[in-house]
Each structure stands twice: as C-alpha cells, then as structure tokens.
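Numbers given in my numbering equal positions in the sequence shown, counted from 1, plus 18.
Yeah, the Cβ is synthetic: ideal placement off N, Cα and C, and Gly gets one too.
Below: the structure, in structure tokens.
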Amino acid sequence: MIYTSTYSSPLGDILLASKNNELVGLWFKDQKYFLGPIKEKTKEKNNEEIFLKTKNWLDRYFKGEQPNIKELSLNPIGSDFRKEVWKILCDIPYGKTITYKEIADKIAKEKGIKSMSAQAVGGAVGHNPISIIIPCHRVVGTNGNLTGYAGGLDKKEYLLKLEQVNIMEQMVIC
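Okay, structure coming up:
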C-alpha cells in the first residue's frame, strides 16, 4: 500500500507518498509525471513517521535552512540508470548547480565508457519522483539556462533563488 499526505508549500500543495515508511514520492500537484512510478493503490495517511519528518524537513528548507537529505529515508522508484542519476543529484550541494553534461560525464567515467548521453540524463532528471529533496532543480543546461523542470520553470527559479543561486550569473547571454 502506498500512503499519501499533502504538504502546503509556498509554491502550492505538494503530494508526499510513502511505502514501508520510506519516502517514494514528492510531487507538486498537477506537475508533469505526477505519481509517475506509482502503480499501487494509494490511501491518505497523514501520521506516517516519514511524512512528519519530511514536512519538518520541508518547513526548514522553505525557511532558507539547509536540512540534510540524509535525515530522510528515501526510496525512489525507477530503473537502475535513473537511480544512478538521482544518487548524483543527492550529492549536489545546497546553492550550487550542475549541468546535464557534467552528470553524463560523471556516469561515463564511473562506467569506464567514452561518453554518456546528456539527453538520457535529462530524461532521468525529469522523472525524479522526489522533487526538491532529490534536488533536480539544481541541474541546468550547459550554457547555464534553466532548462526543464517537471514542476514548472517558475518553481525551479523560486527554489534556486531560495538557495541564493544567482540565476543571472548562471545564464550565459548568447
């Protein structure tokens, strides 16, 4: 059984999902790929321990604090490749960004292969089922552009500004 709970954020309602008291999903309402990997029946259950911890984590995050991702038990549902990409996302420091190409290069190096598709990485980043906490909003295009965000670019921009990333400094004017 997948349990759900709703969190009211400054960016609108966020749906949390858990299984076995581990966080398996966090989506903005109506975002692209909403409930993406969830195939099981869901039931609202607000008093799950993981939901209480996650809501506390989100409260602190939206106050501009830097809660540690390791405080939460995460279990995103996805392919091995996607999980590999999401693991890299978890290592992006608060207030910093990385490019899709840098992630692709990192995976290629780890696998001992010549190259990895940045587009494939982009697909995995876009299907991240635990937005904000697994910080896919910190991934930008090679030229610094704020490309793609399943929750919407306005939310990505808000999150980066919250983390005091100078978005104009990130963008290269062509």
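Do residue j and residue i have their beta-carbon atoms positioned less than 8 Å apart in this structure?
i: LEU76; j: SER23; result: no
i: HIS155; j: GLY96; result: no
i: ILE150; j: LEU178; result: no
i: PRO94; j: TRP104; result: yes
i: LEU164; j: GLU181; result: no
i: VAL183; j: GLY140; result: no
Locate the alpha helix (DSSP H) running through residue i, then write down its first and last residues.
i: LEU34; result: First-last for LEU34: 30-37, but that is the beta strand (DSSP E), not the alpha helix (DSSP H).
i: ILE20; result: Element bounds for ILE20: not the alpha helix (DSSP H) but the beta strand (DSSP E), 20-27.
i: LEU177; result: 171-180
i: PHE52; result: No alpha helix (DSSP H) contains PHE52, which DSSP labels as neither H nor E.
i: GLU102; result: 98-108
i: LYS71; result: 67-80
i: LYS124; result: 118-129
i: ALA202; result: Nothing in the structure corresponds to residue 202, since the chain is present only between 19 and 192.
Enumerate in chain order the residues of its own chain whose CB-to-CB distance from residue i is below 7 Å, with the five nearest sequence positions on each side excluded.
i: CYS108; result: ILE87, ILE152
i: ILE106; result: ILE121, LYS124
Tell me which same chain residues have a C-beta within less than 8 Å of the C-beta of residue i, skipping the five on either side of it?
i: GLU66; result: TYR21, SER23, SER36, ASN39
i: LYS101; result: PRO94
i: ASP48; result: none
Keeping to the same chain, check which residues put their C-beta closer than 6 Å to that of residue i; ignore five residues upstream and five downstream.
i: MET134; result: ALA122, ILE125, ALA126
Round the Cβ separation of residue i and residue j to the nearest angstrom and send it over; I've been treating them as touching at under 8 Å.
i: THR72; j: LEU29; result: Contact flag wrong, Cβ pair sits at about 15 Å.
i: ILE148; j: LEU92; result: 6 Å
i: TYR223; j: ALA168; result: There is no way to answer for residue 223, as the model of the chain reaches only from 19 to 192.
i: MET19; j: GLU58; result: 7 Å
i: PHE99; j: ALA136; result: So it is not a contact: roughly 13 Å between Cβ atoms.
Which stretch, first to last residue, makes up the beta strand (DSSP E) that contains residue i?
i: GLU89; result: Segment: none, GLU89 is in no beta strand (DSSP E) and carries neither H nor E.
i: LYS61; result: 60-62
Worksheet item: Is the segment 157-169 touching the segment 116-124, taking contact as three or more C-beta pairs under 8 Å?
Response: yes
Cβ contact (3+ pairs, closer than 8 Å) linking the segment 40-57 and the segment 74-94 | yes
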